[in-house]
Amino acid sequence: KNEVEQSPQNLTAQEGEFITINCSYSVGISALHWLQQHPGGGIVSLFMLSSGKKKHGRLIATINIQEKHSSLHITASHPRDSAVYICAVRGGGATNKLIFGTGTLLAVQP
Amino acid sequence: KAGVTQTPRYLIKTRGQQVTLSCSPISGHRSVSWYQQTPGQGLQFLFEYFSETQRNKGNFPGRFSGRQFSNSRSEMNVSTLELGDSALYLCASSLMEAGTEAFFGQGTRLTVV
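Protein chains in written order, with my numbering: chain A, 1 to 110; chain B, 1 to 113.
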């Protein structure tokens, strides 16, 4: 079983829909990252969370440390949101090593 | 402020050859981590450097090695290339040794033929 599990693996939405991507992890963490990867490879960091909730524009990320679960929400989705969304966790201690989920491929259709 | 720069962007090598990839972190960042991304295995941790010291190493064979220089730039080397080494190699820089955000480069796409 992977240490970081994401669901769903693939998601197709219509423009304007509310989208939720889930991430569950089985290890102790110091932080959880949500990343976005467009075709071509470059990865952009969307959020780094260690508790609670963060919001940036139409994106909202939440984390429940007790339940070892995080969600990424996209409100009013747009075709430009189409990308792979990756959840990654960082363990405790003096490290920046990330353990990644398998990613969620999101396609938003106009 | 310039982002993380990886060179080269694309590389084609033959089996048995060796390759060196370079990563220049954001100015002032002292931590560099390397990751391999393949369709089958996803993103996997290779190694992590902070202030020229390797802090962590992933579960990869000894053919994969790296180093970090005093200016925080990092290189990774893969010797005796195999077809399975074809992948996107990404580096990420962070300001401190732990607890700060990771900024990723565009990656180097290595194809081994």
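Every residue, glycine too, gets a C-beta built ideally from N, C-alpha and C.
What are the partner residues of residue i, as DSSP defines its beta bridges?
i, result
"residue 6(B)", "23(B)"
"residue 60(B)", "Per DSSP, none; premise fails for residue 60(B)."
"residue 54(A)", "61(A)"
"residue 95(B)", "Looking at the DSSP assignment, residue 95(B) forms no beta bridge with any residue, so it has no partner."
"residue 54(B)", "49(B)"
"residue 22(A)", "7(A), 71(A)"
"residue 108(B)", "89(B)"
Rounded to whole angstroms, how far is the Cβ of residue i from the Cβ of residue j, which I believe are closer than 8 Å?
i, j, result
"residue 91(B)", "residue 19(B)", "Residue 91(B) to residue 19(B), Cβ: 14 Å. No contact."
"residue 84(A)", "residue 99(A)", "With a Cβ gap of about 17 Å, residue 84(A) and residue 99(A) do not count as contacting."
"residue 65(B)", "residue 23(B)", "Their Cβ separation, rounded to whole angstroms, is 14 Å, which puts residue 65(B) and residue 23(B) out of contact at 8 Å."
"residue 67(B)", "residue 50(B)", "Contact flag wrong, Cβ pair sits at about 12 Å."
"residue 43(A)", "residue 91(A)", "Between residue 91(A) and residue 43(A) the Cβ distance is about 19 Å, and since that is not below 8 Å, they are no contact."
"residue 57(B)", "residue 47(B)", "5 Å"
"residue 89(B)", "residue 17(B)", "Residue 89(B) to residue 17(B), Cβ: 15 Å. No contact."
What did DSSP end up calling residue i once you bin it into helix, strand or coil?
i, result
"residue 80(A)", "helix"
"residue 98(A)", "strand"
"residue 32(A)", "strand"
"residue 83(B)", "helix"
"residue 113(B)", "coil"
"residue 66(A)", "coil"
"residue 2(A)", "coil"
"residue 88(A)", "strand"
"residue 27(A)", "coil"
I'd like to know if residue i contacts chain B, where contact means its C-beta is closer than 8 Å to some C-beta of that chain.
i, result
"residue 103(A)", "yes"
"residue 93(A)", "yes"
"residue 59(A)", "no"
"residue 97(A)", "yes"
"residue 52(A)", "no"
"residue 86(A)", "yes"
"residue 43(A)", "yes"
Taking the continuous beta strand (DSSP E) assigned at residue i, which residues delimit it?
i, result
"residue 77(B)", "74–78"
"residue 109(A)", "104–109"
"residue 73(A)", "69–74"
"residue 10(A)", "10–14"
"residue 44(A)", "43–49"
"residue 70(B)", "Neither: residue 70(B) is in no beta strand (DSSP E) and is coded neither H nor E."
"residue 38(B)", "31–38"
Any beta carbon from chain A within less than 8 Å of residue i's own beta carbon?
i, result
"residue 40(B)", "no"
"residue 106(B)", "yes"
"residue 45(B)", "yes"
"residue 56(B)", "yes"
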